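Trainee: So that we are looking at the same thing, I have put the structure below in structure tokens.
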Amino acid sequence: MKHLTPIRTDSLCVLISVYHPYRWIAPHTWKMIQTFWPNHPPVFFCGLTSEEAGELPHIPVQEGHLPRVWADFVFDAAARLRADGFEAVYFFLEDHMPLDVCHELNLNTLLPALLNTLPASYIALMGWDNKRFATRAGPVLPAEQHRLKHLTTEKAPRFHLHPSLFRMDALIECLEALKKHDKPNPWGFEKLSDKLDAPISKDFKESCYQICGSELALNKPCSQKLFMETAGHWFFRRVMSLVPMAYQFGFGKQFFKFIGFDDFFYNGPFPMFYSGVMAAGKINPFFTKHLKRRNTPIFDNLLQEIREREGQ
């Protein structure tokens, strides 16, 4: 882990992959980035032709025919960005947009600096303090290191595709391995890359971290709210232990819906909804409910398009 080469952390960009059937989401994601992260690094969408991308800042696919292989077009885009001098990258899918004001200082300066000082190859913005993740993925660093969790255990969520900060070389190495995998798509990326025996450099695999959102969010929770959230997360995980029994008795899906497994907004430096706009190939109803609860005009156009697409 100590062998990671220092990088220029000011050579930072954002890369967003676009699955062709979900291309309608990309302009909304771009709008939310401009609204909630106005001083963002250079942003690039990939996976589209220039005609499809329109006014989106983008790296066009080399081949426009469909279907497109996700690993190929993301690898090509990342390789081009590296050739252009970018050494660090926030990488995520088109349907994980910021949903509130980002902590720009932490995103633009503090977290990129940690790539060298920890050092780190990957820092997940979906932190270990969210209700969906158990806390047994590794040790939590002290407060002066912002309580990041070092992902050291076998089932730790390394190189996952919630919005995350990568060293560009680490992302490219993950994508090179994925190009040889039988499922060269986002699902395959996570299934391959988070394993301890993944065909990825040991230095990269041993230098993965998750943030603690309550430490790095712009709007930090007060002590009372933090206590309630921590207690709520503990209770949620106890309830989750009943899931195998629920499936055994034939009401597993209903149980998941009842406990709100996918209904979760995460407040970190990049505030996001856990499952994004899409879930299992359909518009995520929990995401839609969240936007309606917020009742904020900035989401009106997105909600209108969701209503139109649900009516098709």
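First residue of the sequence shown? That's 1478 in the numbering used here, and the numbers climb one at a time after it.
We treat Cβ as the ideally placed atom computed from N, Cα and C, and that holds for glycine.
Since this is a predicted model, take the numbers as computed values, not measurements.
Alpha carbons only, please: which of 1506, 1480, 1485 and 1501 is nearest the one belonging to residue 1748?
Mentor: Selected option, being the one with the closest Cα: 1506.
Trainee: Return the CA-CA distance between residue 1669 and residue 1772, expressed in angstroms with no decimal places.
Mentor: 39 Å
Trainee: What residue does the beta strand (DSSP E) around residue 1521 start on, and which one ends it?
Mentor: 1520-1523
Trainee: In its own chain, which residues sit with a C-beta less than 6 Å from the C-beta of residue 1779, not counting the 5 before and 5 after it?
Mentor: 1505
Trainee: Along the chain, where does the alpha helix (DSSP H) that runs through residue 1783 open and close?
Mentor: 1777-1787 is the span of the alpha helix (DSSP H), which, as asked, contains residue 1783.
Trainee: Classify residue 1690: buried if its beta carbon has 16 or more other beta carbons within 10 angstroms, exposed otherwise.
Mentor: buried
Trainee: Using 7 Å as the threshold, is the C-beta distance between residue 1548 and residue 1522 below it?
Mentor: no
Trainee: Of the choices 1684, 1662, 1677 and 1627, whose alpha-carbon is the least far from that of residue 1480?
Mentor: 1684
Trainee: Per DSSP, residue 1463 is paired with what?
Mentor: Any question about residue 1463 goes unanswered here, given that the chain covers just 1478 to 1789.
Trainee: For residue 1722, count neighbouring Cβ atoms within 10 angstroms of its own Cβ and tell me buried if that reaches 16, exposed if not.
Mentor: Label assigned to residue 1722: exposed.
Trainee: What residues match up with residue 1756 in a beta bridge as DSSP calls it?
Mentor: Per the DSSP secondary-structure output, residue 1756 pairs in a beta bridge with 1759.
Trainee: Going by alpha carbons, who is nearest to residue 1628 out of 1617, 1777, 1584 and 1575?
Mentor: Out of 1617, 1777, 1584 and 1575, 1617 has the C-alpha closest to the C-alpha of residue 1628.
Trainee: My assumption, with CB atoms under 8 Å, is that residue 1496 sits in contact with residue 1524. Please give the rounded CB distance.
Mentor: 7 Å
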